[in-house]
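Worksheet: the structure to be examined is printed underneath.
2 protein chains.
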Amino acid sequence: MSAPVILLVEDEPSQRAVLSYNLKAEGFDVVEAVDGEEALLLASEAQPDLCLLDWMLPHVSGLEVCRRLKSGKQTRELPIIMLSARSEELDKVRGLETGADDYMVKPYSVAELIARVRKELRRTRPAALGEELVYEDILLDAASHRVSRAGHNIKLGPTEFRLLACFLEAQGRVLSREQLLDRVWGRDIYVDTRTVDVHIGRLRKALMQHGGGDPLRTVRGAGYALG
Amino acid sequence: MSAPVILLVEDEPSQRAVLSYNLKAEGFDVVEAVDGEEALLLASEAQPDLCLLDWMLPHVSGLEVCRRLKSGKQTRELPIIMLSARSEELDKVRGLETGADDYMVKPYSVAELIARVRKELRRTRPAALGEELVYEDILLDAASHRVSRAGHNIKLGPTEFRLLACFLEAQGRVLSREQLLDRVWGRDIYVDTRTVDVHIGRLRKALMQHGGGDPLRTVRGAGYALG
DNA sequence: TGGTTTTGTGACAGAAACATAACAGTTTTA
DNA sequence: TAAAACTGTTATGTTTCTGTCACAAAACCA
Numbered sequence: 001m002s003a004p005v006i007l008l009v010e011d012e013p014s015q016r017a018v019l020s021y022n023l024k025a026e027g028f029d030v031v032e033a034v035d036g037e038e039a040l041l042l043a044s045e046a047q048p049d050l051c052l053l054d055w056m057l058p059h060v061s062g063l064e065v066c067r068r069l070k071s072g073k074q075t076r077e078l079p080i081i082m083l084s085a086r087s088e089e090l091d092k093v094r095g096l097e098t099g100a101d102d103y104m105v106k107p108y109s110v111a112e113l114i115a116r117v118r119k120e121l122r123r124t125r126p127a128a129l130g131e132e133l134v135y136e137d138i139l140l141d142a143a144s145h146r147v148s149r150a151g152h153n154i155k156l157g158p159t160e161f162r163l164l165a166c167f168l169e170a171q172g173r174v175l176s177r178e179q180l181l182d183r184v185w186g187r188d189i190y191v192d193t194r195t196v197d198v199h200i201g202r203l204r205k206a207l208m209q210h211g212g213g214d215p216l217r218t219v220r221g222a223g224y225a226l227g
Numbered sequence: 228m229s230a231p232v233i234l235l236v237e238d239e240p241s242q243r244a245v246l247s248y249n250l251k252a253e254g255f256d257v258v259e260a261v262d263g264e265e266a267l268l269l270a271s272e273a274q275p276d277l278c279l280l281d282w283m284l285p286h287v288s289g290l291e292v293c294r295r296l297k298s299g300k301q302t303r304e305l306p307i308i309m310l311s312a313r314s315e316e317l318d319k320v321r322g323l324e325t326g327a328d329d330y331m332v333k334p335y336s337v338a339e340l341i342a343r344v345r346k347e348l349r350r351t352r353p354a355a356l357g358e359e360l361v362y363e364d365i366l367l368d369a370a371s372h373r374v375s376r377a378g379h380n381i382k383l384g385p386t387e388f389r390l391l392a393c394f395l396e397a398q399g400r401v402l403s404r405e406q407l408l409d410r411v412w413g414r415d416i417y418v419d420t421r422t423v424d425v426h427i428g429r430l431r432k433a434l435m436q437h438g439g440g441d442p443l444r445t446v447r448g449a450g451y452a453l454g
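If you read the sequences in order, they're chains A and B. The first sequence lines up with residues 1 to 227 when you count with this note's numbering. The second sequence lines up with residues 228 to 454 when you count with this note's numbering.
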């Protein structure tokens, strides 16, 4: 499973370097933007999982970037943590009003920032953080890379493991073959779309090896879903 | 018990502020010095448990401070972690054998710095954390540097020892080769990632020399895990 | 129903990931 | 200072996984 991607928007180079380095050390992928323009561009292009947004930016203010991200269709769901140098309560209120999901005042504890990042990602990318994912009698422990069903241990190849993690993260939503290729294989890998079918088959077989019904649902013309 | 006191020697105010803030956030008491003079004074006066020492200092260099601390009777036992801006200097620091207990190159991961601080403190203030790591019949005693399995003493090389300690600390989580290289070999050492495999093999052999199954699990495409 | 589209699946060859032994250079130990 | 222990790399063998294809089965549609 790919590491969560964090969009870091901060104009001051040294601040940016420190944050970037520490985020990378925690295992995140970091995409950096130096101003609002670039931030908005990368937000839709790099498909980040979370955005760290500085309040003070040249040209377009952080507040404005936040507002635009939250009103854009593609980027509405992107969690945003605002970083501000000032502690005035008014700023905080305004930040959260604009739709930011959290707010931190500089100077902040890096440990606390990381903790808040994790808190936001826990909602959207639980598998990437090493959480336990459950659906009925199926249990996937991302940290120890283990899967079991009704108590029986189940051995999965890397691809099937990621596939199952996707379905568990998607919470029953239907995922198209294209979406699965993106998330499981990666964005710029070219493989035949029918290959997904084969791996779905393998995943099904593995999950049913100790009995139990088929937990995967084929949605003709659309893709697959869990449950 | 009172919190460990850390003597932070760093002349640049912003760097000092960041470090101080983060250390305090982790529950340490911080005493700050801006140059070598003050550092030497505070080292004997404030009775710190550990010293974070910047390489570049006005007047008296960090290297010189380190040397003096290590030759002073009262301060000889004070653990020192040197902070250096560039990796070339790191070599010098190492080569000159200043007596520092650990080194970090800027920019560093705050999480890693904290981890190293704890590591040093564990030696000098062992009451802080439990020293024995256990998994099933495997026992690692960090204080005496001993490992045993099912009662049999097991002799491990330094690398295998650290490797096993990592797995015991990770509590069953999968560790990637990169993570292991970071933790066992160090962040800025270049070693082929395949080398990890070899040492895993050696560790396995050592752990199984008196019988018993393989406690290490290979997670294809991801890394290794204990149990 | 018959034809058409979509999905399921077994087989297979090639690729990738991993295990292990051997080796040469280095460091530590006695 | 010689011997022993340790390290990182390389080469080779082994296992496991992948992606594609071909054909079978199922679902859909008129």
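All residues carry an ideal CB built from backbone N, CA and C; glycine is no exception. The structure displayed is predicted, hence computed values, not measured ones.
Could you tell me which chain B residues have their CB closer than 7 Å to the CB of A:Glu112, listed as they occur along the chain? Against the first sequence, residue 112 of chain A aligns to sequence position 112. Within chain B, the residues near A:Glu112 are Ala252.
Grouping DSSP H, G and I as helix and E and B as strand, with all else coil, what is A:Arg149? Locating residue 149 of chain A in the first sequence gives position 149, where the first residue counts as 1. Of the three classes helix, strand and coil, the one that applies to A:Arg149 here is strand, per DSSP.
A:Gly201 versus A:Arg187 - alpha carbon distance: As a first step, residue 201 of chain A must be located in the first sequence, where it is residue number 201. As a first step, residue 187 of chain A must be located in the first sequence, where it is residue number 187. Whole-angstrom Cα-Cα distance: 22 Å.
Please state whether the Cβ-Cβ distance between A:Pro4 and A:Ala128 is less than 7 Å. The residue given as residue 4 of chain A occupies position 4 in the first sequence. The residue given as residue 128 of chain A occupies position 128 in the first sequence. Cβ atoms of A:Pro4 and A:Ala128: closer than 7 Å.
Within 10 angstroms of the Cβ of A:Thr98, are there 16 or more other Cβ atoms? Answer buried if so, exposed if not. Here residue 98 of chain A refers to the residue found at position 98 when the first sequence is read from its first residue. A:Thr98 should be labelled buried.
Taking buried to mean at least 16 other C-beta atoms within 10 Å of its own C-beta, is B:Ser298 buried or exposed? The count along the second sequence starts at 1 and reaches residue 298 of chain B at position 71. B:Ser298 should be labelled exposed.
Pairwise C-alpha distance: A:Glu64 and A:Glu112: Position 112 of the first sequence, counted from the first residue, corresponds to residue 112 of chain A. Position 64 of the first sequence, counted from the first residue, corresponds to residue 64 of chain A. Each residue's Cα considered, the two are about 25 Å apart.
Following a CB-centred definition, is A:Ala206 positioned closer than 6 Å to any heavy atom of the ligand FAD? This structure simply doesn't include the ligand FAD, nor any ligand for that matter.
Span of the alpha helix (DSSP H), counted from its first residue to its last, around A:Val196: Position 196 of the first sequence, counted from the first residue, corresponds to residue 196 of chain A. Arg194 to Leu207 is the extent of the alpha helix (DSSP H) around A:Val196.
Consult DSSP for B:Ser311 and reduce its assignment to one of helix, strand or coil. Within the second sequence, the letter at position 84 stands for residue 311 of chain B. It is a strand residue.
Could you tell me which chain A residues have their CB closer than 8 Å to the CB of B:Val401, listed as they occur along the chain? Working through the second sequence from its first residue, we reach residue 401 of chain B at position 174. Correct list: Ala143, Ser144 and His145.
How big is the Cα-Cα spacing for B:Arg389 and A:Arg68? Position 162 of the second sequence, counting from 1, holds the residue named residue 389 of chain B. Position 68 of the first sequence, counting from 1, holds the residue named residue 68 of chain A. Approximately 49 Å, taken between the alpha carbons.
Can you tell me which residues form a DSSP beta bridge with B:Glu359? Here residue 359 of chain B refers to the residue found at position 132 of the second sequence. DSSP output for B:Glu359 lists B:Asp368 as bridge partner(s).
N- and C-terminal bounds of the alpha helix (DSSP H) containing B:Arg214: Because chain B spans 228 through 454 in this model, residue 214 of chain B falls outside it and cannot be assessed.
Consult DSSP for A:Arg217 and reduce its assignment to one of helix, strand or coil. By 1-based counting over the first sequence, the position of residue 217 of chain A is 217. A:Arg217: strand per DSSP, three-state reduction.
Can you pull out the residues from the region 30-42 of chain A whose beta carbon lies closer than 8 Å to at least one beta carbon of chain B? none
Three-state secondary structure (DSSP) of A:Gly62: Residue numbering aside, residue 62 of chain A sits at position 62 when the first sequence is read from its first letter. Helix at A:Gly62.
Cβ of A:Pro13 less than 7 Å from any chain B Cβ? In the first sequence, counting from the first residue as 1, residue 13 of chain A sits at position 13. Closer than 7 Å: no.
Sorted by chain position, which residues of the same chain lie with C-beta nearer than 8 Å to A:Arg125's C-beta, five sequence neighbours on each side aside? Numbered from 1 along the first sequence, position 125 holds the residue referred to as residue 125 of chain A. Cβ neighbours of A:Arg125 beyond the five flanking positions: Pro4, Asp49 and Glu169.
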